[in-house]
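Colleague:
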Amino acid sequence: MALYFPEHYRPRLVPETQEQAIKEIKETFQVALAEELGLRRVTAPLFVLSGMGLNDDLNGVERAVTFPVKDMGDAQAEVVQSLAKWKRVKLGAYQVAPGYGIYTDMNAIRADEELDNIHSLYVDQWDWERTIRPRERSVAFLKEVVRKIYGAMLRVEGEVYRRHPHITPVLPPEVTFVHAQELLDRYPTLSAKERETAVVREYGAVFVIGIGAPLGDGKPHDGRAPDYDDWSTENEEGYVGLNGDLILWNPVLESAYEISSMGIRVTAESLERQLRATGKYEERKDLKYHRMLLGGELPLSIGGGIGQSRLCMFFLRCAHIGEVQASIWPEEMRERCREHNIELK
183 MALYFPEHYR PRLVPETQEQ AIKEIKETFQ VALAEELGLR RVTAPLFVLS GMGLNDDLNG
243 VERAVTFPVK DMGDAQAEVV QSLAKWKRVK LGAYQVAPGY GIYTDMNAIR ADEELDNIHS
303 LYVDQWDWER TIRPRERSVA FLKEVVRKIY GAMLRVEGEV YRRHPHITPV LPPEVTFVHA
363 QELLDRYPTL SAKERETAVV REYGAVFVIG IGAPLGDGKP HDGRAPDYDD WSTENEEGYV
423 GLNGDLILWN PVLESAYEIS SMGIRVTAES LERQLRATGK YEERKDLKYH RMLLGGELPL
483 SIGGGIGQSR LCMFFLRCAH IGEVQASIWP EEMRERCREH NIELK
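Position one of the sequence shown corresponds to residue 183 (this note's numbering), numbered consecutively onward.
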């Protein structure tokens, strides 16, 4: 339960005003995101059946929350951890044309999360997915999409400032791109998280490309499941990976602040390569989702998730995610936060 308490912290808004501001940020951003990427809203599940391969196993170690379904012979269902794979199936089912896509409100429970300033048991994010053409499986296209998402964030930051002039903008006008291998080359003595902190402190907003594949030191920059993002394909810039994380500099927490994970999705070829590389091929090749993908039944796509509470927390300059979302917190954490003018919901 590692916590950071900013010196002399005070909330920027009173509770009633903050609740309204959260609503405004969420409404404004999802409209901007949909306009930038050509998305339409769809309804998403809170849980899926176990054994279908649809749920996201994140870094491969987090346990999904499960429960038996009485009217289905006690078949096991599990609360989603994200909708990375479910969205791609829906793109195919809805026959969404290239250049267009879907987004949804994703609500998840991550029981194994380590609780701190930015991590909660409850996860709320905008999950989005867009159909692409074969020629768009490139870093250039990935960067184009990231710039559009970042543009939507700039629009929201400007709107927050218009409504609350004492919350001044901090985002730089453009996002900087760097490959994870370049970060390792630049900061060879630092850990991956320390490298992120160093680069985002300098530039303010950075998209780190290539999350999941081993780098020059034999370690990945960070873990990534093998069956949604393509982190193993060599790209046109001479590195490996067609995915990444969008990270901002958080002036309240004085740290790197991941706001989105996204990427161009695997093909049948890269899925098999990544499953074999992680020792998951025999375990997953016969699951329904993986059979569909390996059989060429799903469209090419790009997609990701953008944290709703994290976005609100950032734009309202909050010190703890519990200031913008209701969840369960250890009593010790509540007490320590209260001592530093942080009131958790």
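Note that the Cβ used here is the ideal one computed from N, Cα and C, for glycine as well.
So, helix, strand or coil for residue 376, using DSSP?
Modeller: helix
Colleague: Going by DSSP, which residues form a beta bridge with residue 250?
Modeller: 258
Colleague: State whether the stretch 304-315 contacts the stretch 209-224, with contact taken as three or more CB pairs (one from each stretch) at a distance under 8 angstroms.
Modeller: Because the criterion of three Cβ pairs below 8 angstroms is met, the stretch 304-315 and the stretch 209-224 touch.
Colleague: Tell me, please, whether the stretch 496-514 touches the stretch 191-201 by the rule of three or more beta-carbon pairs shorter than 8 angstroms.
Modeller: yes
Colleague: Between the Cα of residue 291 and those of 281, 464 and 262, spot the shortest distance and give me the residue it belongs to.
Modeller: Nearest C-alpha to residue 291 among 281, 464 and 262: 262.
Colleague: Could you tell me whether the Cβ atoms of residue 282 and residue 340 are closer together than 7 angstroms?
Modeller: Judged by their CB atoms, residue 282 and residue 340 are not nearer to each other than the 7 angstroms cut-off.
Colleague: Within the continuous beta strand (DSSP E) that includes residue 191, where are the two ends?
Modeller: From DSSP, residue 191 is part of no beta strand (DSSP E); its letter is neither H nor E.
Colleague: Where does the unbroken beta strand (DSSP E) through residue 310 begin, and where does it stop?
Modeller: 304-313
Colleague: If you draw a straight line from the C-alpha of residue 433 to the C-alpha of residue 382, how long is it?
Modeller: 11 angstroms
Colleague: So what does residue 223 bridge to, in DSSP terms?
Modeller: Answer is 285, bridged to residue 223.
Colleague: Taking the alpha-carbon positions, what's the residue 301 to residue 510 distance?
Modeller: 11 angstroms
Colleague: Determine the contact status of residue 235 and residue 470, defining contact as a CB-CB distance below 7 angstroms.
Modeller: yes
Colleague: Taking the alpha-carbon positions, what's the residue 437 to residue 493 distance?
Modeller: Going by the C-alpha atoms only, they are around 15 angstroms apart.
Colleague: Would DSSP call residue 385 helix, strand or coil?
Modeller: helix
Colleague: I'd like to know whether the C-beta atoms of residue 285 and residue 337 end up nearer to each other than 7 angstroms.
Modeller: no
Colleague: Taking all protein chains shown into account, decide if residue 196 is buried (16 or more other Cβ within 10 angstroms of its Cβ) or exposed.
Modeller: Exposed is the call here.
Colleague: In or out: residue 496 buried (at least 16 other Cβ within 10 Å) or exposed?
Modeller: buried
Colleague: Exposed or buried, what is residue 312 when buried is set at 16 or more other beta-carbons lying within 10 Å of its beta-carbon?
Modeller: Buried, by the Cβ-count rule.
Colleague: Measuring alpha carbon to alpha carbon, tell me which residue in 391, 467, 184 and 194 is nearest residue 506.
Modeller: Of the listed residues, the one whose Cα sits closest to residue 506 is 194.
Colleague: Rounded to whole angstroms, what's the CA-CA distance from residue 277 to residue 370? Just pull it up for me.
Modeller: 46 angstroms
Colleague: Helix, strand or coil, according to DSSP, for residue 398 in the structure here?
Modeller: coil
Colleague: How many angstroms separate the CA atom of residue 328 from the CA atom of residue 446?
Modeller: 11 angstroms
Colleague: CA-CA distance, residue 401 and residue 347?
Modeller: 44 angstroms
Colleague: What are the residues that DSSP puts in a beta bridge with residue 444?
Modeller: 426 and 486
Colleague: Sort out for me which residues DSSP pairs residue 439 with in a bridge.
Modeller: Answer is 430, bridged to residue 439.
Colleague: To the nearest angstrom, report how far apart residue 439 and residue 429 are at their CA atoms.
Modeller: 5 angstroms
Colleague: Could you tell me the distance, in whole angstroms, from the CA atom of residue 266 to the CA atom of residue 410?
Modeller: 7 angstroms
Colleague: Excluding five sequence neighbours on each side, which residues of the same chain lie with their C-beta closer than 8 angstroms to the C-beta of residue 343?
Modeller: 349, 350 and 351
Colleague: Run through DSSP, which three-state label would residue 217 get?
Modeller: Here residue 217 carries a helix assignment [DSSP, helix/strand/coil].
Colleague: Evaluate residue 389 with the Cβ neighbour count: other Cβ atoms within 10 Å of its Cβ, from every protein chain shown; 16 or more gives buried, anything less gives exposed.
Modeller: Looking at its Cβ environment, which holds 16 or more other Cβ atoms inside 10 Å, residue 389 is buried.
Colleague: Measuring CA to CA, which of 395, 295, 394 and 449 is closest to residue 480?
Modeller: Per the Cα distances, 449.
Colleague: Quick one: grab the DSSP three-state call for residue 404.
Modeller: coil
Colleague: If you draw a straight line from the alpha carbon of residue 526 to that of residue 354, how long is it in whole angstroms?
Modeller: 30 angstroms
Colleague: Assuming residue 208 contacts residue 490 (C-beta within less than 8 angstroms), just tell me the rounded distance between them.
Modeller: With a contact defined as Cβ atoms closer than 8 angstroms, residue 208 and residue 490 qualify at about 6 angstroms.
Colleague: Could you tell me whether the Cβ atoms of residue 403 and residue 459 are closer together than 7 angstroms?
Modeller: no
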